[in-house]
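K.L.:
Dropping a structure here in structure tokens format, bear with me for questions.
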Amino acid sequence: GVHCGACRKMSVYELHYFNNRGRAEPARLLFAAAGLPYRDIRIQSEQWPEYKLKLPMHQVPVLEVDGTMICQSVAIARYVAKVTGHAGKTDLEQAKVDMLVDGIDDVMTKKGDYVWHEKDETRKMEKKNAFYETTLPQFLSRFEKLLLTNGGDGFLVGEGLAHADAWFLCLADDVLLDFPDIFTPYPKLAALVERIRTYPGIKEWLAKRPQTEF
Amino acid sequence: MPSYKLTYFNVRGRAELIRLLFATGGIPYEDVRIGRDKWPELKPKTPMGQIPILEVDGQVYCQSMAIARFVAREAGLLGESSSDQARADMLLDGGAEVGELLKEVVLEKDASKRAEKKKEFSEKSLPHFLTLYEGFANDSGHFVGESLTWADISFFNMMDFLTAEFPSALDGYDKLSKVIENVKSNPGIAKWLKERPVTDH
Chain A
1 GVHCGACRKM
11 SVYELHYFNN
21 RGRAEPARLL
31 FAAAGLPYRD
41 IRIQSEQWPE
51 YKLKLPMHQV
61 PVLEVDGTMI
71 CQSVAIARYV
81 AKVTGHAGKT
91 DLEQAKVDML
101 VDGIDDVMTK
111 KGDYVWHEKD
121 ETRKMEKKNA
131 FYETTLPQFL
141 SRFEKLLLTN
151 GGDGFLVGEG
161 LAHADAWFLC
171 LADDVLLDFP
181 DIFTPYPKLA
191 ALVERIRTYP
201 GIKEWLAKRP
211 QTEF
Chain B
1 MPSYKLTYFN
11 VRGRAELIRL
21 LFATGGIPYE
31 DVRIGRDKWP
41 ELKPKTPMGQ
51 IPILEVDGQV
61 YCQSMAIARF
71 VAREAGLLGE
81 SSSDQARADM
91 LLDGGAEVGE
101 LLKEVVLEKD
111 ASKRAEKKKE
121 FSEKSLPHFL
131 TLYEGFANDS
141 GHFVGESLTW
151 ADISFFNMMD
161 FLTAEFPSAL
171 DGYDKLSKVI
181 ENVKSNPGIA
191 KWLKERPVTD
201 H
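One line per chain: the protein sequences are A and B, in this order.
Residue numbering for the first sequence follows the numbering used here, beginning at 1 and increasing consecutively.
Residue numbering for the second sequence follows the numbering used here, beginning at 1 and increasing consecutively.
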């Protein structure tokens with residue numbers, strides 16, 4: 001936990017989400033990287049209609065910190081990164097981390113569009129193909145260049161792991177399920193994925209986390 | 001003092017929150033507005049093939065929310081503690097979700113589908129959002145603490161777009177109306193609202 005120096009109290013963290021990786025996993029990775037204990041609550045679908053009414057925007061994930069509820073997955077991940085020292089060191093580094101997270105979020109939203117929102121099977125297939133033939137390659141190609149602006153052989157921004165790296169691992173985990181060779185044209189990104197996977201704390205979490213489809 | 005150069009199209013769109021934040025903070029910046037014909041040339045030079053971009057002493061940043069957060073931080077409008085900042089972040093992200101739903105209405109080309117989407121938005125998504133946010137605002141008309149933060153300014157910007165389609169959206173929402181009043185009466189913002197180019201979105 002995080003010590004409040006004056007009152008010697010550990011903050012209590014509870015993360016509410018469903019039983020999958022989804023939009024809670026970046027926060028879980030950041031807790032793991034810091035060895036920061038938290039309650040990893042996984043809501044059953046039968047509980048959901050009543051559960052959501054207690055939440056600020058009737059959505060999950062929600063991070064409860066000593067009783068205060070924070071929603072919105074990107075806001076949550078940024079907060080966990082801040083309290084664990086993985087937010088980027090300077091204002092400009094933080095801006096760069098934020099921009100990379102937002103770029104990843106855009107791509108994840110586009111993927112979510114065909115997975116969750118498109119009901120017509122033909123349209124779904126068309127959109128999936130467009131995602132993997134155009135959207136994702138364009139993104140990965142630009143993203144590899146952005147990694148190279150930070151040297152290429154470390155993390156995405158500055159010296160250490162930041163929440164942008166956590167988000168990137170989550171995207172990678174998803175797309176690799178569809179196409180295990182997707183990173184072949186992007187060796188630096190492939191190496192980054194391995195670097196994040198073997199980060200102390202994250203490595204142990206990956207080995208023990210619930211295995212879910214998404 | 002660093003030099004700031006913001007590049008976007010000549011619309012409010014995804015740059016207006018950034019411009020409002022520069023205005024509130026009294027921070028000088030170059031407000032570059034390019035014609036659509038100039039865009040193909042610029043696009044490959046941007047980090048993710050999109051604008052707005054902000055150049056800070058030669059370094060280029062993209063993603064409108066990331067840029068806005070950076071400017072809010074420079075202008076002291078982020079929120080004091082990490083939890084204040086997280087609260088502001090969550091309110092902004094929730095507002096962005098509604099913004100996307102509004103876009104779906106506005107961009108619908110088929111007239112009867114558009115009317116249908118507009119009706120559903122005004123009967124479900126909009127009241128749901130405004131009711132939640134009326135609950136998030138305090139009696140002094142602020143979303144975070146007792147003073148202006150970028151959460152208030154972002155809400156004002158959202159309502160600017162929303163009231164173009166739904167002029168009386170805030171009727172009956174007293175605290176939200178106070179938020180709007182507080183933002184409009186900030187001197188930097190009042191000046192910008194008078195001087196900014198008038199564009200249809």
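No residue lacks a Cβ here, since even glycine has one placed at the ideal position from N, Cα and C.
#1: Quick one: Cα of residue 47 of chain B to Cα of residue 105 of chain A, how far?
#2: Under 7 Å: does the beta carbon of residue 128 of chain B sit that close to some heavy atom of the ligand FMN?
#3: Buried or exposed for residue 26 of chain A, going by 16 or more other Cβ atoms inside 10 Å?
#4: Taking its Cβ as the centre, do 16 or more other Cβ atoms sit within 10 Å of residue 94 of chain A, making it buried, or is it exposed?
#5: So if I threshold CB-CB distances at 7 Å, which residues from the stretch 152–166 of chain A count as touching chain B?
#6: Specify the secondary structure class of residue 7 of chain A as computed by DSSP and reduced to three states.
#7: Apart from the five residues just before and just after residue 23 of chain A, which ones in its own chain have a Cβ nearer than 7 Å to its Cβ?
#8: Pull up the distance between the alpha-carbon of residue 41 of chain A and that of residue 83 of chain A, whole angstroms please.
#9: Buried or exposed: residue 187 of chain A, going by 16 or more other Cβ atoms within 10 Å of its Cβ?
#10: Can you grab the Cα-Cα spacing for the pair residue 79 of chain B / residue 64 of chain A, in whole Å?
#11: Quick check: is the beta carbon of residue 14 of chain B nearer than 8 Å to any beta carbon in chain A?
#12: Which residue or residues does DSSP assign as beta-bridge partners of residue 65 of chain A?
#13: Starting from the Cα of residue 164 of chain A, find the closest Cα among A:189, A:180 and A:176 and give me that residue.
#14: Out of B:149, B:1 and B:10, point me to the one whose CA is closest to residue 31 of chain B's CA.
#15: Which residues of the stretch 124–140 of chain B have a Cβ closer than 7 Å to any Cβ of chain A? Give them in chain order.
#16: Where does residue 213 of chain A fall in DSSP's three states?
#17: Check the Cβ of residue 70 of chain B against every Cβ in chain A and list those closer than 7 Å, keeping chain order.
#18: What residues from chain A crowd round residue 89 of chain B, counting only those whose CB sits closer than 9 Å?
#19: Look at the alpha carbon of residue 5 of chain A and the alpha carbon of residue 22 of chain B, and state the distance between them as a whole number of angstroms.
#20: With 7 Å as the limit, tell me which residues of the stretch 98–111 of chain A have their beta carbon closer than that to any beta carbon of chain B; keep them in chain order.
#21: Since residue 5 of chain B is in the beta strand (DSSP E), which residue starts that stretch and which ends it?
#22: Starting from the beta carbon of residue 10 of chain A, find every residue of chain B whose beta carbon is closer than 7 Å, and list them in chain order.
#23: Does the beta carbon of residue 127 of chain A come closer than 8 Å to any beta carbon on chain B?
#24: Closer than 8 Å, Cβ to any Cβ of chain A: which residues of the stretch 37–51 of chain B, in chain order?
#25: Show which residues of chain B have a CB atom less than 8 Å away from the CB atom of residue 142 of chain A.
#26: Would you please verify whether the beta carbon of residue 184 of chain B is less than 8 Å from any beta carbon of chain A?
#27: Since residue 193 of chain A and residue 169 of chain A should fall inside the 8 Å C-beta cutoff, what is the C-beta to C-beta distance between them, to a whole number of angstroms?
#28: Assign residue 114 of chain A to one of three DSSP states: helix, strand, or coil.
#29: Count the other C-beta atoms from every protein chain shown that fall within 10 angstroms of the C-beta of residue 120 of chain A, then say buried if there are 16 or more, exposed otherwise.
#30: DSSP three-state label for residue 31 of chain B, please.
P.N.:
Short version:
#1: 15 Å
#2: For the ligand FMN, the structure offers nothing, since it holds no ligand at all.
#3: buried
#4: With 16 or more Cβ atoms within 10 Å of its Cβ, residue 94 of chain A is classed as buried.
#5: none
#6: Because residue 7 of chain A carries a pLDDT of 46, less than 50, the predicted location of this residue cannot be relied on, and the following value inherits that uncertainty. In this structure, residue 7 of chain A counts as coil in the three-state DSSP scheme.
#7: 61 and 73
#8: 20 Å
#9: By the 10 Å Cβ count, residue 187 of chain A comes out exposed.
#10: 19 Å
#11: no
#12: A:13 and A:68
#13: A:189
#14: B:10
#15: 132
#16: Note: residue 213 of chain A maps to coil in three-state DSSP.
#17: 91 and 95
#18: 70, 72, 74, 75, 76, 78 and 79
#19: For residue 5 of chain A, the predicted model reports a pLDDT of 46, less than 50, meaning its position is unreliable; a value from the coordinates is still stated below. Distance between the alpha carbons of residue 5 of chain A and residue 22 of chain B is about 36 Å.
#20: 98, 99, 102 and 103
#21: First-last of the beta strand (DSSP E) with residue 5 of chain B: 4–9.
#22: What residue 10 of chain A touches in chain B: nothing, since even the nearest Cβ is about 16 Å away.
#23: no
#24: Of all residues in the stretch 37–51 of chain B, only 47, 48 and 49 come within less than 8 Å of chain A when Cβ atoms are compared, listed by chain position.
#25: 47, 48 and 49
#26: The beta-carbon of residue 184 of chain B is placed no less than 8 Å from the nearest beta-carbon of chain A.
#27: Contact between residue 193 of chain A and residue 169 of chain A holds: their C-beta atoms lie close to 6 Å from each other, under 8 Å.
#28: Residue 114 of chain A falls in the helix class under three-state DSSP.
#29: exposed
#30: strand
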